[in-house]
Amino acid sequence: MLENIHVSGFSDEISSDFDTQLETVKNLGMEYISIRGVNEKNFSEYTIEEVKEYIKPKLDEYKVKVSSIGSPIGKVFIDDEEGFEKQVCLLEKICQMAKILDCKYIRMFSFYMPKDKNPEDYKDEVINKLRIFTKIAEKYDIVLLHENEKDIYGDISSRCLTIFNEVGSEHFKGIFDFANFVQCMEDTRECYELLKEHIVYYHIKDAVKEDKENVVCGTGQGKIEEILTDAIKNGYKGFLTLEPHLVIFDSLKDLELEDVNSIIKKDKGLDGKSAYALQYNSLVNILKSIDFRIKKMGVENMKQVRFGIVGIGQMGGSHSEWLAGGKVENAVLTAVCDVNPQKKEWAAEKLPQDVKFYDNYIDMLDSGEIDAVLIATPHYDHPVIAIEALNRDLHTLVEKPAGVYTKKVREMNELAESKPHLVFGMMFNQRTNPLYQRIKEIVANGEIGEIRRTNWIITTWWRPQAYYDMSSWRATWNGEGGGVLANQAPHQIDLWQWICGMPTKVRANLQYGSHRNIVVEDDVTAFVEYENGATGTFITCTHDIMGTDRFEIHGDKGKILVEGSKKVTVSRLKESETELNEKMTFADVANLFRGQGMSDLMDVEEFEIPDQWGTQHINVMINFTKAILEGTPLLAPGTDGIKGVTIANAMHLSSWLGQDVEIPFDEDLFLEELEKRKAEELEAKKEAELETV
């Protein structure tokens, strides 16, 4: 693990029983706790003699040290003078207790604000009282750690900065609590940049803004890995203290002004012990990721990712030129690979001289010249090469589709999930399109209600015969693994499930070589069902020169219509269809048929976003690079790739069997049917070759 980074935690979230706390942290391999609740009492309620005679010996018994004291200092209302005087005396005692425990840090706060009052009106009083606390800490050579907390003066970053600047003491520093900033609706990265010179301690707690609920670290909007990466890269040495807040524990009600059920709506663990372990293991994985990048790349080189590309055909060639041309910040192209010897000449002409060419991808993966690999080969090779790359601890980005069949893709995903320190992504470039990002947001926010029907007609993938004749692997079962579902439509299939969710049943009619001299599908009409009873259709082909791109999502509260992947119309009902159905009379309906009153039932929003072609692939690589260097969440995680392959496989299988196919389906049966078609294709090829002899 990272040198000079120590994991601690508020162990009272495990159990109120002190022995259970210490035994649990010891079993997890932790050497520190942040002490707060001990045997159903706040640590500050103990006497100095009890700390000497019970708490210190108990810590020594388990060989556990104290990183900080989780005190209630500063958790009184600013206008409570009697409460403040009591806290002054209490801080004197806690400082003495800290000395007994050989603990340098005491966590504290900057006073609750009176309800509905402007905190700025109390700034001077807050600063004066904090200076009084700080004088006490200076006397004992203790460092007070101010935690940003909801409902206190220093809840948001700007007021935290005011506190640090005004108090201005080496004995008054900052704790950075990710979740608390999220719950105050702030961007944690911006908070970090503003406060980082004052931060000497981190609380590992995460949350989401939508309902302010605490979640497992790394899964919320705290940007924990991104911020810790920057802090450690810039020399941070110290404690990361777990404060999971994933289950309601005994003393939580004493720590919050609000109802604790509004903070923890649903337990994330079976009990305090399991929730604490969940948070610990998640943090360990984050630290492994950071540690790997530092060891692999070095602190200085963490500012740049060295890419290698396998397959420099049409898409791989474009990726190579974008990287070589500096289109991806903090990324450099150092190697390319292709089995076609003519590609070496292309690389020499188009790419910088220092980009190395390989004719064997294993040699490139083993070269030590790259940190990440982008795979742009024929589809069967995608998971095969990805597995080799992941086994060599290389960050891996795979062109669509993730593979030809789910069984192999699943093997790739399982390996990637066993290596959380690696970044594994898919080249789903359409996910960077702000149009589809906005649509996903509208659906996710429930603005059109529960989905009832989805329809996507995407027949703009026109391809002439000359396209298929360019390469022998195209439009074959053995080379490409399918037709329009394997090559062109994966983008829309991914967006379809990304926005609307996965179907549970598929019935598909596929036409094979209906208008082109190919053996794979070039015309698809599929019907799907969803878990909630909604239905959907997906229509695509490669023979319509005047193609249509029309995507509709119907919900019980509205409808989204996308035309040409550019123009969007969002119709939001003022009342749900269910409510309208229950109250409208036949006379009301008759008026609607006459075109009267419809505008009174809904609000209509229209917007248009120009074609993003040419920037989307680059934006995926930018996002992937930031994920490696900064811990930025991926727009298209590699493990998502199996979803589109699942839908395409289900459509193929439904067509082959002539029946509905449930998802999940029999993966072995699919592979068996695919192998039949591959064998038939090879046999037909042999017969054709014999006829020409």
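Okay, so the sequence shown: first residue is 110 according to the numbering used here, each after it adds one. The beta carbon of each residue, even a glycine, is placed where N, CA and C say it ideally should be.
Spatial distance of residue i from residue j (CA atoms)
i: lysine 342; j: glutamate 335; result: 11 Å
i: tryptophan 586; j: glutamate 684; result: 50 Å
i: aspartate 697; j: glutamate 688; result: 14 Å
i: glutamate 162; j: methionine 206; result: 12 Å
i: threonine 651; j: isoleucine 731; result: 31 Å
i: leucine 351; j: lysine 314; result: 7 Å
i: leucine 762; j: glutamate 782; result: 8 Å
i: threonine 801; j: histidine 624; result: 24 Å
i: methionine 579; j: glycine 588; result: 13 Å
i: isoleucine 479; j: lysine 752; result: 29 Å
i: glycine 55; j: isoleucine 142; result: As shown, the chain starts at 110 and ends at 802. That puts residue 55 outside it, with no answer to give.
i: valine 134; j: alanine 386; result: 9 Å
i: leucine 499; j: asparagine 449; result: 24 Å
i: lysine 318; j: glutamate 550; result: 14 Å
i: threonine 129; j: leucine 199; result: 27 Å
i: glutamate 497; j: asparagine 113; result: 33 Å
i: serine 581; j: glycine 420; result: 15 Å
i: lysine 794; j: threonine 649; result: 27 Å
i: tyrosine 249; j: glutamine 606; result: 60 Å
i: leucine 743; j: isoleucine 251; result: 41 Å
i: cysteine 806; j: aspartate 380; result: This structure leaves residue 806 out entirely; the chain is present only between 110 and 802.
i: aspartate 777; j: asparagine 758; result: 12 Å
i: arginine 415; j: isoleucine 494; result: 18 Å
i: lysine 412; j: threonine 734; result: 10 Å
i: glutamate 672; j: alanine 288; result: 39 Å
i: valine 713; j: aspartate 631; result: 36 Å
i: tyrosine 345; j: valine 309; result: 8 Å
i: glutamate 229; j: proline 166; result: 45 Å
CB contact flag (residue i, residue j, <8 Å)
i: alanine 595; j: serine 764; result: no
i: serine 278; j: histidine 255; result: no
i: phenylalanine 537; j: lysine 509; result: yes
i: isoleucine 756; j: alanine 643; result: no
i: proline 857; j: lysine 517; result: Within the shown structure, residues of the chain are numbered from 110 to 802, placing residue 857 beyond reach of any answer.
i: leucine 682; j: lysine 692; result: no
i: glycine 645; j: threonine 515; result: no
i: glycine 591; j: valine 513; result: yes
i: glutamate 122; j: lysine 174; result: no
i: aspartate 339; j: glutamate 739; result: yes
i: alanine 584; j: methionine 760; result: no
i: alanine 384; j: proline 353; result: yes
DSSP three-state assignment for residue i, whether helix, strand or coil
i: glutamine 462; result: coil
i: cysteine 446; result: strand
i: phenylalanine 774; result: coil
i: alanine 655; result: In the sequence on display, residue 655 carries methionine and not alanine. Here methionine 655 sits in coil by DSSP.
i: aspartate 631; result: strand
i: leucine 701; result: helix
i: alanine 745; result: coil
i: glutamate 672; result: strand
i: glutamate 640; result: coil
i: glutamine 620; result: strand
i: histidine 491; result: helix
i: asparagine 587; result: coil
i: glutamate 762; result: Note that residue 762 is leucine in the sequence shown, not glutamate. Of the three classes helix, strand and coil, the one that applies to leucine 762 here is helix, per DSSP.
i: valine 116; result: strand
i: threonine 649; result: strand
i: lysine 377; result: Model confidence at lysine 377 stands at a pLDDT of 48, short of 50, so the residue's coordinates are unreliable and nothing is read from them.
i: aspartate 264; result: helix
i: serine 581; result: coil
i: glycine 750; result: helix
i: lysine 404; result: helix
Residue(s) in a DSSP beta bridge with residue i
i: aspartate 712; result: Arg681
i: arginine 561; result: BP columns for arginine 561 are empty, so no partner.
i: asparagine 151; result: Gly146
i: valine 507; result: Ile484 and Met535
i: methionine 217; result: His255
i: leucine 349; result: Val116 and Tyr311
i: arginine 415; result: Val441
i: alanine 316; result: Asn323
i: tyrosine 141; result: Lys174
Could you check whether the region 140-153 touches the region 433-442, counting it as contact only if at least three pairs of C-beta atoms, one from each stretch, sit closer than 8 Å? In short, these stretches do not touch, since the Cβ pair count stays below three.
Cβ contact (3+ pairs, closer than 8 Å) linking the region 652-666 and the region 562-575: These segments touch.
At least three beta-carbon pairs within less than 8 Å, the region 439-459 to the region 391-404: no
I'd like to know if the region 184-196 and the region 149-157 are in contact, where contact means that at least 3 CB-CB pairs between them fall below 8 Å. no
Taking contact to mean at least 3 C-beta pairs separated by less than 8 Å, is the region 706-716 in contact with the region 294-302? no
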